[in-house]
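Student: Structure in structure tokens, see below.
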Amino acid sequence: MPREHKTVTVGAVNLRKNGGRWQARWQVNGKRYSRSLGVTNLRIAEKKARLLSDLLEAEDFEAAKQFRDRPEHTFATVCGEFVQYMMDGGLGEPSTEQGYRTPRHRLVKEFGGWPIASITPKDLEGFLARLMERDTLSKATRNRYLAFLKSLFKVAVRWGYVAGNPTADIKQIKETPKRTRHLTAEQLARLMQVLKSRGGLAYDVALMMAETGLRLGTVRQLQWGQVDFEQGVLFIPKTKNHDSLEVPIGNMLYAHLQQLYGQRQSTNLVPLSRGRDWVFPSPADPTKPFHTIRKSLIAAGQEAGIGPVHHHMFRTSLITDMVNANVNPFVTQQVVGHKNIATTQSYYRRSLGAARKAMEQVQAHRAS
Numbered sequence: 147m148p149r150e151h152k153t154v155t156v157g158a159v160n161l162r163k164n165g166g167r168w169q170a171r172w173q174v175n176g177k178r179y180s181r182s183l184g185v186t187n188l189r190i191a192e193k194k195a196r197l198l199s200d201l202l203e204a205e206d207f208e209a210a211k212q213f214r215d216r217p218e219h220t221f222a223t224v225c226g227e228f229v230q231y232m233m234d235g236g237l238g239e240p241s242t243e244q245g246y247r248t249p250r251h252r253l254v255k256e257f258g259g260w261p262i263a264s265i266t267p268k269d270l271e272g273f274l275a276r277l278m279e280r281d282t283l284s285k286a287t288r289n290r291y292l293a294f295l296k297s298l299f300k301v302a303v304r305w306g307y308v309a310g311n312p313t314a315d316i317k318q319i320k321e322t323p324k325r326t327r328h329l330t331a332e333q334l335a336r337l338m339q340v341l342k343s344r345g346g347l348a349y350d351v352a353l354m355m356a357e358t359g360l361r362l363g364t365v366r367q368l369q370w371g372q373v374d375f376e377q378g379v380l381f382i383p384k385t386k387n388h389d390s391l392e393v394p395i396g397n398m399l400y401a402h403l404q405q406l407y408g409q410r411q412s413t414n415l416v417p418l419s420r421g422r423d424w425v426f427p428s429p430a431d432p433t434k435p436f437h438t439i440r441k442s443l444i445a446a447g448q449e450a451g452i453g454p455v456h457h458h459m460f461r462t463s464l465i466t467d468m469v470n471a472n473v474n475p476f477v478t479q480q481v482v483g484h485k486n487i488a489t490t491q492s493y494y495r496r497s498l499g500a501a502r503k504a505m506e507q508v509q510a511h512r513a514s
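Plus 146 on top of the position in the sequence shown (first one is 1) and you've got my numbering.
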């Protein structure tokens, strides 16, 4: 029985499977041409055929004849180049690569072999919709995937891999506001007491975050050259928002940092990594910064009767305390390094402590 050959038409190109791989066939002025697309997947073959058909419709026949010899930039290869570019160029925090891991894996699984220039807004919108409908992912997760795609295609346009950004008109979905978790002054005191009794890296890092409100990624990268004991400030050359920041050092943190620095000076055996002298080096390898204190925080939170504690709660707690202390929003913004004042003001709008004070003032006024 003769073997059946399936034929698919994409614009001016006919696709036919030959020897397990898809072959593109077309005609120009009565002359027939054929090129192997080198793929077995029909969906990818259709994407390549669409690019080839666009060349034919634009009457760029020479480019069409050389189509198989053109460099191929697949989504997977560009995705890898993008992540490497972000990390090598210092455009992302060390946590950025970890944050990219899940969306990158899922996106490469979906679009990995596709020529990146062939991906359309419809393709991306369909993928994002399936994330929410089939995989029941949240609006926030969907928005994180879209943010990754927007950054990737913005760079791909700059590199000349694509003519336009297919994510340009895809909008973020408004997320359901979540209650910002923070520690009360009493809870923070109990937690720090437990951490101090345990000692070690977790207390050192927690004290830094509690007193300054710095993000974990910034604390992780902190070096002794950024600690100005004379002026009593920490100099952060680049925050998450790519801005520099000067953070005042409180008395408790100042004394603790001096103690840590004295210990560092007395142990000249600690090797440096490319001249970097980490304030909080990894216990396993002092040439690298520490990675996480997550498990220590959870355990300490349970012992303190608070429940699971996340490192970002130190930052939200400091901001909340500044709000409740009636600190000017612009001062709060400067201290914690918010790029947009609207982010800072959102804490003032949600502040339960400020609302209570306002109600007490109203009740006092009514009683007078």
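Where a beta carbon is used, it is the ideal one built from N, C-alpha and C, also for glycine.
Keep in mind it's a predicted model, so treat the numbers as computed, not measured.
1. Compute the Euclidean distance between the alpha carbons of D315 and S442, then round it to the nearest angstrom.
2. Which one of H251, T282, A222 has the shortest CA to CA distance from A263?
3. Under 8 Å by Cβ, that's how I've got V393 and V379 pegged, so tell me the actual separation to the nearest angstrom.
4. Nearest CA to the CA of T287: which residue from K177, M354, F299, E321?
5. Leaving aside the five residues before and after I265 along the sequence, list all residues of the same chain whose C-beta is less than 7 Å from its C-beta, in chain order.
6. Near L399, what residues of its chain come up, given a Cβ to Cβ distance below 8 Å and the 5 sequence neighbours on each side ignored?
7. So what does DSSP say about D374, is it helix, strand or coil?
8. Whole angstroms are fine: how far does the CA of Q411 sit from the CA of P423?
9. Rounding to the nearest angstrom, what Cα-Cα distance links D215 and H456 in this structure?
10. On the criterion of 16 or more Cβ atoms from any shown chain inside 10 Å, does I190 qualify as buried, or is it exposed?
11. Could you give the residue range of the beta strand (DSSP E) that holds I382?
12. Which of the three DSSP states is assigned to N187 in this structure?
13. Do you know offhand how far V303's Cα is from G310's?
14. Buried or exposed for T364, going by 16 or more other Cβ atoms inside 10 Å?
15. Have a look at the DSSP bridge pairing and note the partners of Y179.
16. If you run the structure through DSSP and keep just helix, strand and coil, what is Q367?
17. With K163 as the anchor, note down where its alpha helix (DSSP H) starts and where it stops.
18. I need the straight-line Cα distance from L274 to L298, nearest angstrom please.
19. Can you name, in chain order, every residue of its own chain whose Cβ lies under 7 Å from the Cβ of L197, other than the five neighbours on each side?
20. Classify T153 as helix, strand or coil using the three-state DSSP reduction.
21. State the DSSP-derived secondary structure class of S419, mapped to helix, strand or coil.
22. Taking all protein chains shown into account, decide if W172 is buried (16 or more other Cβ within 10 angstroms of its Cβ) or exposed.
23. So the candidates are H402, Q480, Q369, L341; which of them puts its Cα closest to the Cα of K434?
24. Which class does E227 belong to by DSSP, given the choice of helix, strand or coil?
25. Would G346 and P454 qualify as a contact pair, given that the criterion is a beta-carbon distance under 9 Å?
26. If we ignore side chains and look at the alpha-carbon of each, how far apart do K300 and L161 end up?
27. Specify, as a first and last residue, the run of the beta strand (DSSP E) that L391 falls within.
28. Taking the continuous alpha helix (DSSP H) assigned at L360, which residues delimit it?
29. Could you please give the first and the last residue of the uninterrupted alpha helix (DSSP H) stretch that includes K300?
30. Apart from the five residues on each side of it in sequence, which residues of its chain come closer than 8 Å, Cβ to Cβ, to K485?
31. Is the CB-CB distance between V156 and F207 below 9 Å?
32. Closest to D350 by CA distance: which of E506, F436, E332 is it?
33. What does the alpha-carbon distance come out to for the pair T466 and M459?
Tutor: The structure says:
1. Position 169 of the sequence shown, counted from the start, is the residue given in the question as residue 315. Position 296 of the sequence shown, counted from the start, is the residue given in the question as residue 442. For D315 and S442, the distance between alpha carbons rounds to 43 Å.
2. Here residue 263 refers to the residue found at position 117 when the sequence shown is read from its first residue. When only C-alpha atoms are compared, the closest one is A222.
3. Taking the sequence shown and counting its residues from 1, one reaches residue 393 at position 247. Taking the sequence shown and counting its residues from 1, one reaches residue 379 at position 233. With a Cβ gap of about 6 Å, V393 and V379 count as contacting.
4. Taking the first residue of the sequence shown as position 1, residue 287 is located at position 141. Of K177, M354, F299, E321, the residue nearest in Cα terms is E321.
5. As a position in the sequence shown, residue 265 is number 119, starting the count at 1. Result list for I265: F221, F257, P312, in chain order.
6. As a working note, residue 399 is residue 253 in the sequence shown. Excluding positions up to five away in sequence, the list reads L353, M354, E357, T358.
7. Numbered from its first residue, the sequence shown carries residue 374 at position 228. D374 falls in the strand class under three-state DSSP.
8. Looking up residue 423 in the sequence shown gives position 277. Looking up residue 411 in the sequence shown gives position 265. Inspection of the sequence shows that residue 423 is occupied by Asp rather than by Pro. Roughly 11 Å separates the two Cα atoms.
9. Indexing the sequence shown from 1 puts residue 215 at position 69. Indexing the sequence shown from 1 puts residue 456 at position 310. Note that D215 has pLDDT 43, beneath the 50 cutoff, so the model's placement of it is unreliable and the number below is only indicative. Those two C-alpha atoms are separated by around 52 Å.
10. Walking along the sequence shown from the start, residue 190 turns up at place 44. It counts as buried.
11. The residue you call residue 382 lines up with position 236 of the sequence shown. Taken as a continuous stretch (DSSP letters only), the beta strand (DSSP E) holding I382 covers 379-382.
12. Walking along the sequence shown from the start, residue 187 turns up at place 41. Coil, per DSSP.
13. Residue numbering aside, residue 303 sits at position 157 when the sequence shown is read from its first letter. Residue numbering aside, residue 310 sits at position 164 when the sequence shown is read from its first letter. Their backbone Cα atoms lie some 6 Å apart in a straight line.
14. In the sequence shown, the residue the question calls residue 364 occupies position 218. Buried, by the Cβ-count rule.
15. Taking the first residue of the sequence shown as position 1, residue 179 is located at position 33. DSSP output for Y179 lists W172 as bridge partner(s).
16. On the sequence shown, residue 367 is found 221 positions in, with the first residue counted as 1. Coil, per DSSP.
17. To locate residue 163, count along the sequence shown from 1; it is residue 17. Run containing K163: none in the alpha helix (DSSP H); it sits in the beta strand (DSSP E), 159-164.
18. The count along the sequence shown starts at 1 and reaches residue 274 at position 128. The count along the sequence shown starts at 1 and reaches residue 298 at position 152. The alpha-carbon atoms of L274 and L298 are separated by roughly 16 Å.
19. Position 51 of the sequence shown, counted from the start, is the residue given in the question as residue 197. The residues are P261, A263, S264.
20. Taking the first residue of the sequence shown as 1, we reach residue 153 at position 7. Reduced to three states, the DSSP call for T153 is strand.
21. Working through the sequence shown from its first residue, we reach residue 419 at position 273. Any reading at S419 must be qualified, since the residue scores a pLDDT of 47, below 50, and its modelled position is unreliable; the value itself is stated next. In this structure, S419 counts as strand in the three-state DSSP scheme.
22. Translated into positions along the sequence shown, residue 172 becomes position 26. It is buried - the Cβ of W172 has at least 16 other Cβ atoms within 10 Å.
23. Residue 434 sits at position 288 when you count from the first residue of the sequence shown. Among H402, Q480, Q369, L341, the Cα nearest to that of K434 belongs to Q369.
24. As a working mapping, residue 227 is identified with position 81 in the sequence shown. In the structure shown, E227 sits in a helix (DSSP, three-state: H, G or I).
25. Position 200 of the sequence shown holds residue 346. Position 308 of the sequence shown holds residue 454. No, the Cβ-Cβ distance between G346 and P454 is not below 9 Å.
26. Here residue 300 refers to the residue found at position 154 when the sequence shown is read from its first residue. Here residue 161 refers to the residue found at position 15 when the sequence shown is read from its first residue. Taking the straight line from one Cα to the other gives about 32 Å.
27. Here the question's residue 391 lines up with position 245 in the sequence shown. Counting along the chain, the beta strand (DSSP E) containing L391 begins and ends at 391-394.
28. By 1-based counting over the sequence shown, the position of residue 360 is 214. L360 -> no alpha helix (DSSP H), and no H or E assigned at all.
29. For the purposes of this step, residue 300 is taken as the residue at position 154 of the sequence shown. Its alpha helix (DSSP H) spans residues 285-304.
30. One-based indexing of the sequence shown puts residue 485 at position 339. Excluding residues within five positions, the ones whose Cβ falls inside 8 Å are N387, D389.
31. Here residue 156 refers to the residue found at position 10 when the sequence shown is read from its first residue. Here residue 207 refers to the residue found at position 61 when the sequence shown is read from its first residue. No. Outside cutoff.
32. Position 204 of the sequence shown holds residue 350. Minimum Cα distance to D350 is reached at F436.
33. On the sequence shown, residue 466 is found 320 positions in, with the first residue counted as 1. On the sequence shown, residue 459 is found 313 positions in, with the first residue counted as 1. Rounded to whole angstroms, T466 to M459 spans 10 Å at the Cα level.
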